[in-house]
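Take a look at the structure set out below.
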Amino acid sequence: MSSSPPPEHRPLLSLSDERERVIQQLSEHFANDRLSLDEMESRMELAYKASSVAELQRLTADLPSAAASSVPAPLPAEEALPAIGADRERMFSVMSESSRRGAWLVPQRLDLLALMSDTTIDLTQATLPTGIIDIHLRSMWAAVKILVPPGLQVVNRVSSVMSSVHGGGEPNDSEPRDRAEPGGWRQGTVIRLSGWALMAEVQTKVRRRERLPEDTE
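Sequential numbering from 176 applies to the sequence shown in this note's numbering.
Okay, structure coming up:
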């Protein structure tokens, strides 16, 4: 059984690389409810102020499974792929640009954590379940855009602190509703946005379904 090399033989970590790694770990712990918002903000602030690798490593030393969180264990073959039609999913975006577009199956609840990122959730071609679809946002220093088809009701209950939150309201009955096309939805389907935005931008926009190549054949 191999043991980890002694400290004097380990490769030196640059301060910027270690800061990025620690921020990633803190974000993952926050996403898994191991850190409160106050703890997250406090440790993030210390991470940006840290002047040595040792200071950064102390910020995650007390967290559970901190050493293993950056390298997840492989899943068994039967669990490698999420179940189709799952009632709840998580979307995680940290210091990146991410999107969910095209023909995809929307869960009844979608939890989104966006940290210093640009995230787009496009529902215009998605298959939506009936009833209330909860999209729960936790957005910090990020931009989140939600695109919905015409006529779909959006209830916006996102709390904001030093943020810009726009969109939501009654369906526009003047817009056509083509339920025969892929991504169609039934009357009574509602998108309910909840959660919070901290120094972030959250926009909900109405966009017609873009015509796919097979639609023109």
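Ideal Cβ placement from N, Cα and C applies to all residues, glycine included.
Quantities reported herein were computed from a predicted structural model and do not represent experimental measurements.
Checking 8 Å against the spacing of the C-beta atoms, do residue i and residue j come in under that value?
i	j	result
Arg275	Asp309	no
Leu322	Arg382	yes
Ala229	Val197	no
Ala318	Ala301	no
Enumerate in chain order the residues of its own chain whose CB-to-CB distance from residue i is below 8 Å, with the five nearest sequence positions on each side excluded.
i	result
Pro304	Val281, Pro282, Gln283, Thr364
Gly330	Just to set this straight, residue 330 is Val in the shown sequence, not Gly. Within the same chain, Val330 has close Cβ partners Gly343, Val365, Ile366, Arg367, Leu368.
Ser338	Ser314, Ala372, Leu373, Met374, Ala375, Glu376, Val377
Ser168	As shown, the chain starts at 176 and ends at 392. That puts residue 168 outside it, with no answer to give.
Glu264	Pro257, Pro282, Arg284, Leu285, Asp286
Met291	Val269, Met270, Met315, Trp316, Ala317
Gln232	Glu193, Val197
Leu234	Val197, Leu201, Arg218, Leu221, Ala222, Ala225
Glu195	Met270
Asn207	none
Note down, in chain order, each residue of its chain lying with its Cβ closer than 7 Å to the Cβ of residue i, except the 5 sequence neighbours on either side.
i	result
Val333	Leu312, Val340, Leu368, Ser369, Gly370, Trp371, Ala372, Val377
Pro182	Low confidence applies to Pro182: its pLDDT is 45, below 50, so where it sits in the model is not reliable, and the reading given next is rough at best. Hits under 7 Å: none found.
Met215	Leu201, Phe205
Asp262	Pro282, Gln283, Arg284
For residue i, count neighbouring C-beta atoms within 10 Å of its own C-beta (all shown protein chains included) and say buried if the count is 16 or more, exposed if not.
i	result
Pro218	The question names Pro, yet the displayed sequence has Arg at residue 218. Buried, by the Cβ-count rule.
Glu193	buried
Asp297	buried
Ser268	buried
Thr379	buried
Glu336	Going by the sequence as given, residue 336 is Val instead of Glu. Exposed, by the Cβ-count rule.
Ala236	exposed
Pro239	exposed
Ordered along the chain, which non-local residues of its own chain (more than five positions away) have a Cβ less than 6 Å from that of residue i?
i	result
Leu395	Within the shown structure, residues of the chain are numbered from 176 to 392, placing residue 395 beyond reach of any answer.
Met266	Leu287
Thr295	Ser274, Lys320
Ile307	Val365, Arg367
Asp293	Glu272, Ala318
Leu212	none
Ala289	Ser268, Ser314, Ala317, Val319
**Message:** Ignoring anything shorter than 4 residues, give me the alpha helix (DSSP H) runs that lie fully in the segment 296-343, in order along the chain.
**Reply:** Counting only runs of 4 or more, we get nothing.
**Asked** Which residue spans inside the segment 219-244 form an unbroken alpha helix (DSSP H) run of at least 4?
**Response** With a minimum length of 4 residues, the continuous alpha helix (DSSP H) runs that stay inside the segment 219-244 are 228-233.
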